[in-house]
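Counting from 52, one number per residue, gives the positions in the sequence shown under this note's numbering. By construction, the Cβ of each residue, glycine as well, lies at the ideal position given by its N, Cα and C atoms. Working notes, structure below.
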Amino acid sequence: MGISGEHFDVIIVGAGVMGSSTAYETARRGLKTLLLEQYDFLHHRGSSHGETRTIRATYPQDYYYPMVIESYKLWQEAEAQVGYKVYFEAHHFDMGQPDDPSLQALIASCRKHSIPHQILRRDQVAEKFSGRFNIPDDWVGVSNALGGVIKPTKATAMFQTLAFRNGAVLKDNAEVVDIERDHNARGGVTVTTARGETFRGKKCVVTVGAWMKKLVKAVSGIELPIQPLETHVLYWRIKPGHEAKYAIGGDFPTFASYGKMYVYGTPTLEYPGLIKVAVHGGNPCDPDKRPWGSGIMVDELKKWVERTFSGMVDSSEPVVKQACMYSMTPTEDFVIDFLGGKFGKDVVVGGGFSGHGFKMAPVIGRILADLAADGEAKGVDISHFRIGRFVRISRM
Ligand SMILES: Cc1cc2nc3c(=O)[nH]c(=O)nc-3n(C[C@H](O)[C@H](O)[C@H](O)COP(=O)(O)OP(=O)(O)OC[C@H]3O[C@@H](n4cnc5c(N)ncnc54)[C@H](O)[C@@H]3O)c2cc1C
C-alpha cells in the first residue's frame with residue numbers, strides 16, 4: 052500500500068538512534084508520525100550501529116549532567132516498554148593529569164551535583180583495581196558509580212519497535228532529497244524522496260547524522276559546521292587467565308583517559324575475551340565516499356593499552372575493528388534547534404552529536420519532539436546547542 056502524498060503531523064528524516072527515539076516520542080504523544088531512512092533500517096554506514104556505547108555522568112561540560120541523568124531514567128522506561136535490556140550497569144573511571152582542564156571540570160561537576168566520587172592517586176588506583184589500571188605517576192583517577200553500557204543497534208531497533216507499536220509509519224530505502232516549505236495558510240513542509248514520493252508534514256525533524264551539513268545546505272542554503280569523521284572501534288584480546296577480571300557485571304568500569312589522546316573503553320560484554328579500547332576522533336570524510344581507512348593513532352593506542360593494563364591485554368594488534376562516523380561540531384556540542392530561515396519553526400534539526408550523543412538519545416528524542424510539537428524544549432537549557440552560536444563563532 053503506497054503512502055506517498057499522505058499528511059503527517061511530524062516527518063522525521065534519518066532513522067539512526069536520534070530519529071528513532073524522536074519517532075517513539077512523537078508517536079506516543081499521539082502525533083501521526085513518519086520516519087524515513089535512506090538505507091535499510093539498522094544499516095552500518097552511519098553512527099548508531101555496533102555493540103556498545105558508554106553512558107557516564109561525569110562531563111567536563113556541566114550542562115550535559117541533567118541530560119544524562121534524565122536519560123538513565125528514560126532508557127529504563129523504554130526497556131520496560133519493550134521488554135528487553137539495552138542498558139547494562141557499570142561504574143565509571145576517568146583518569147588524567149590533575150591539572151588537565153577537562154578532568155578538573157568534571158571533578159567540579161561531580162562536586163556541584165553531589166555525585167559520590169573518589170579521587171585516587173596512582174597507588175590507590177592500582178590497589179582499587181588490583182593492577183588492572185596502571186596510570187602514570189603524576190596522574191589521578193576519578194571513580195564513581197554512574198557509568199554503564201548501552202547496546203546501540205539493539206537500542207535503535209528498540210525505539211523503532213516502540214515507535215511502530217505507537218502507530219508511527221516507518222519507511223526505509225527512502226532517501227530524502229528535498230524539503231520544501233508549503234505556502235498555504237497552515238504552513239508545514241513537503242518532503243520528497245529520491246524515488247519521487249512526496250509526504251506532507253506539519254513539522255519535520257532532521258536527524259541525518261553525518262549527512263546533516265549536505266542535506267541542510269541543499270534544502271535551505273544554511274551551512275552548519277558539522278564535519279563528518281571516519282572513526283574506529285577497536286577490540287583487544289585479554290591474555291589467557293585474565294578475561295574474567297575485565298567482564299561487565301564485576302567491578303571493572305567503563306573508562307575515559309584524558310591525555311594527549313582521549314581514550315575510552317568498556318568492560319567485556321559483546322565479545323568474550325576481548326575488551327573495547329578506542330581513541331576519540333577520526334579522519335574527515337565525505338559520508339557518501341567513505342575511505343574505509345585504517346584509523347588514527349593506532350601505534351600510540353597500542354602503547355597506551357600495554358602500559359595501562361599492566362601487560363594483561365595483548366597490545367600487539369587489535370583483533371576486531373569496526374568503522375563508524377562522527378558528526379563533529381567545532382566545540383563538540385550538539386546542534387538542537389529550529390532550522391529557521393524560510394522554514395521558521397517548522398523544521399527542527401538534531402545533529403552534530405560529536406561522538407558522545409548516544410547515551411543521551413532518549414532525552415534528545417524527547418527534546419526534538421518537544422520542539423516539533425510545542426515549539427519549546429521543557430525543563431532543559433538548550434542554549435549551548437543553538438545554531439546561532441556558529442554565527443557568533445564565525446564573527447570572532
Ligand atoms: C565509534 C563510535 C563510538 C561512539 N561512542 C559513543 C559512546 O561511547 N557514548 C556516546 O554517548 N556516544 C558515542 N558515539 C556517538 C553516537 O553513536 C552518535 O552520537 C549517535 O549514534 C548519532 O546518531 P544519529 O542518529 O545522529 O546519526 P546516525 O546514526 O548516522 O543516523 C542518521 C541516519 O540518517 C540517515 N540519512 C542520512 N541522510 C538521509 C536522507 N537524505 N534521507 C533519509 N535518511 C538519511 C542515515 O542513513 C542514518 O541512518 C559514538 C559514535 C561512534 C561512531
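Based on Cα-Cα distance, which residue from the options lies nearest to residue i?
i    : options                : result
R79  : A236, R216, K340       : R216
G426 : K253, N195, E281       : K253
G346 : K222, G333, Y135       : G333
T207 : H95, D350, P323        : H95
I54  : E248, Q112, Y309       : E248
Q211 : R173, E294, S71, V267  : S71
L221 : V257, D337, F92        : F92
H143 : D432, P338, L157       : L157
A295 : Y90, P318, A66         : P318
A219 : T73, F360, P187        : T73
K340 : A261, L125, F184, R183 : A261
List the endpoints of the continuous alpha helix (DSSP H) containing residue i.
i    : result
G70  : 68-79
F210 : 203-216
Q175 : 173-179
A424 : 412-425
R162 : 152-163
Since I believe residue j is in contact with residue i (beta carbons under 8 Å), could you give me their beta-carbon distance rounded to a whole number of angstroms?
i    : j    : result
A307 : Y315 : 5 Å
A108 : P304 : That pair is no contact at about 12 Å.
F139 : L320 : 6 Å
L82  : Q132 : No, L82 and Q132 are not in contact; Cβ-Cβ is about 17 Å, not under 8 Å.
W190 : Q148 : 6 Å
G402 : V259 : 7 Å
S160 : D113 : 5 Å
D421 : K429 : 5 Å
P413 : M376 : Not quite, the Cβ-Cβ distance comes to about 21 Å (not below 8 Å), so this is no contact.
Does residue i come within less than 9 Å of chain C when only Cβ atoms are used?
i    : result
S434 : No chain C is part of this structure, which consists of one protein chain only.
Using the C-alpha atoms, what's the distance from residue j back to residue i?
i    : j    : result
V370 : T204 : 21 Å
R237 : I387 : 24 Å
I230 : V242 : 5 Å
A374 : F404 : 17 Å
L197 : E102 : 20 Å
P152 : G406 : 20 Å
R446 : L419 : Per-residue confidence for R446 stands at a pLDDT of 42, beneath the threshold of 50, marking its modelled position as unreliable; the derived number appears in the next sentence. Approximately 28 Å between the Cα atoms of the pair.
K264 : R417 : 23 Å
A245 : D145 : 45 Å
E281 : S98  : 10 Å
K179 : G324 : 22 Å
V277 : A423 : Checking the sequence, you will find Ile at residue 277 rather than Val. Cα to Cα, I277 sits roughly 22 Å from A423.
A66  : A177 : 43 Å
I299 : R288 : 15 Å
M312 : L86  : 37 Å
V68  : M379 : 17 Å
K354 : I438 : 39 Å
I444 : P381 : Summary for I444: the model assigns pLDDT 47, below 50, so the residue's position carries little reliability; its value from the coordinates is reported in the next sentence. Their Cα atoms are separated by approximately 9 Å.
E383 : M118 : 16 Å
I170 : G301 : 21 Å
V270 : V227 : 10 Å
F389 : I433 : 11 Å
K202 : R104 : 6 Å
R183 : V399 : 45 Å
Do residue i and ligand 2 come close, with the Cβ less than 8 Å from some heavy atom?
i    : result
W126 : Within the structure as shown, ligand 2 is missing, the only ligands being ligand 1.
Please report the residue range of the beta strand (DSSP E) in which residue i lies.
i    : result
P381 : P381 -> no beta strand (DSSP E), and no H or E assigned at all.
D350 : Unbroken run through D350 is the alpha helix (DSSP H), 349-359; no beta strand (DSSP E).
V227 : 227-232
K253 : 249-257
A329 : 325-330
W287 : 278-288
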